[in-house]
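Asks:
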Ligand code: HEC
């Protein structure tokens, strides 16, 4: 009996872990994101909407055929249920060029301009100063506010 219960629980856990989080967009995500690889792989990342849009664009590049109207729904669903919050905060005073490029989606030239500025003025202490800094896109910084520290 105990053994059978244990097996039952084990199989329950397995089937549950293979499922997507419940919510609007789940159906579209399930339909579009499991044809080439396991659905688990599709939700293996934790990122913001911008990041998920990039991933989706990459999948389109790999040949994903989805209705245009599905793409935004899937992106919103993924950003809501598999968000970037788990990331460690980004300290803009110690971040390297690569970190700035990937976390704040800056171009290489923008990251370089920001680093040169940081070198010149020293520690940046407020969001207002950060937003004015060369290479920084104020809107992007605003959208990533919760991930940034000084
Ligand atoms: C047309 C086939 C196809 C479809 C459909 C597809 N993918 Fe992929 N996916 C790939 C390929 C190819 C890779 C890369 C495999 C490798 O590099 O080993 C990949 C890899 C990934 C990875 C691993 C990280 C990365 O960036 O390489 C993630 C996350 C991912 N896909 C998410 C998704 C999501 C989300 C969807 C649905 C919106 C999706 N995939 C639908 C083909 C597809």
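Residue numbers (the numbering used here): 1 to 150.
Think of the CB as a built atom: it goes at the ideal place given N, C-alpha and C, for glycine as much as any other residue.
Between which two residues does the alpha helix (DSSP H) containing residue 110 stretch?
Replies: Here residue 110 corresponds to residue number 110 of the chain shown, with the count starting at 1. Run containing residue 110: 108-121, per the alpha helix (DSSP H) assignment.
Asks: Can you check whether the CB of residue 97 is closer than 7 Å to the CB of residue 84?
Replies: On the chain shown, residue 84 is found 84 positions in, with the first residue counted as 1. On the chain shown, residue 97 is found 97 positions in, with the first residue counted as 1. Taking 7 Å as the Cβ cut-off, residue 84 and residue 97 do not qualify as a contacting pair.
Asks: Are there any heavy atoms of the ligand HEC lying less than 6 Å away from the beta-carbon of residue 42, as far as the coordinates show?
Replies: Working through the chain shown from its first residue, we reach residue 42 at position 42. For the ligand HEC, at least one heavy atom lies less than 6 Å from the Cβ of residue 42.
Asks: When we look at the beta-carbon of residue 132 and count the other beta-carbons within 10 Å, is it buried (16 or more) or exposed?
Replies: Within the chain shown, residue 132 is the residue found at index 132, counting from 1. Classification of residue 132: exposed, given that the 10 Å Cβ count is below 16.
Asks: Please look up how many angstroms separate the CB atoms of residue 150 and residue 141, rounded, as I've assumed it's under 8 Å.
Replies: Counted from its first residue, the chain shown places residue 150 at position 150. Counted from its first residue, the chain shown places residue 141 at position 141. Going by Cβ atoms, the distance from residue 150 to residue 141 rounds to 12 Å, so no, they are not a contact pair.
Asks: What three-state label does DSSP hand residue 130 in the structure shown?
Replies: The residue given as residue 130 occupies position 130 in the chain shown. Looking at residue 130 - three-state DSSP - the assignment turns out to be helix.
Asks: Given this structure, state the Cα-to-Cα distance separating residue 104 from residue 52, to the nearest angstrom.
Replies: Here residue 104 is taken as the residue at index 104 of the chain shown, counted from 1. Here residue 52 is taken as the residue at index 52 of the chain shown, counted from 1. Answer to the nearest angstrom: the Cα atoms are 14 Å apart.
Asks: Please state if the CB of residue 106 and the CB of residue 115 are separated by a distance shorter than 7 Å.
Replies: For this step, residue 115 is matched to residue 115 along the chain shown. For this step, residue 106 is matched to residue 106 along the chain shown. Taking 7 Å as the Cβ cut-off, residue 115 and residue 106 do not qualify as a contacting pair.
Asks: Residue 28: buried (16+ other C-beta within 10 angstroms of its C-beta) or exposed?
Replies: Position 28 of the chain shown, counted from the first residue, corresponds to residue 28. Looking at its Cβ environment, which holds 16 or more other Cβ atoms inside 10 Å, residue 28 is buried.
Asks: Should residue 91 be labelled buried (16 or more other beta-carbon atoms within 10 Å of its own) or exposed?
Replies: Translated into positions along the chain shown, residue 91 becomes position 91. Residue 91 should be labelled exposed.
Asks: Can you tell me whether residue 93 is helix, strand or coil according to DSSP?
Replies: Here residue 93 refers to the residue found at position 93 of the chain shown. Coil, per DSSP.
Asks: With distances taken between CB atoms, is the gap from residue 45 to residue 56 smaller than 7 Å?
Replies: Counted from its first residue, the chain shown places residue 45 at position 45. Counted from its first residue, the chain shown places residue 56 at position 56. No, they are not a contact pair.
Asks: Run the proximity test for residue 63: is its beta-carbon closer than 6 Å to any non-hydrogen atom belonging to the ligand HEC?
Replies: By one-based count along the chain shown, residue 63 stands at place 63. It does: the Cβ of residue 63 is within 6 Å (strictly closer) of some heavy atom of the ligand HEC.
Asks: Checking 7 Å against the spacing of the C-beta atoms, do residue 120 and residue 93 come in under that value?
Replies: Your numbering for residue 120 matches position 120 in the chain shown. Your numbering for residue 93 matches position 93 in the chain shown. For residue 120 and residue 93, no; Cβs fall outside 7 Å.
Asks: What's the call for residue 75, buried or exposed, on a 16-neighbour Cβ count within 10 Å?
Replies: Looking up residue 75 in the chain shown gives position 75. Burial call: buried.
Asks: Could you spell out where the alpha helix (DSSP H) holding residue 55 opens and where it closes?
Replies: Sequence index remark: in the chain shown, residue 55 carries index 55 (1-based). Element bounds for residue 55: 49-61.
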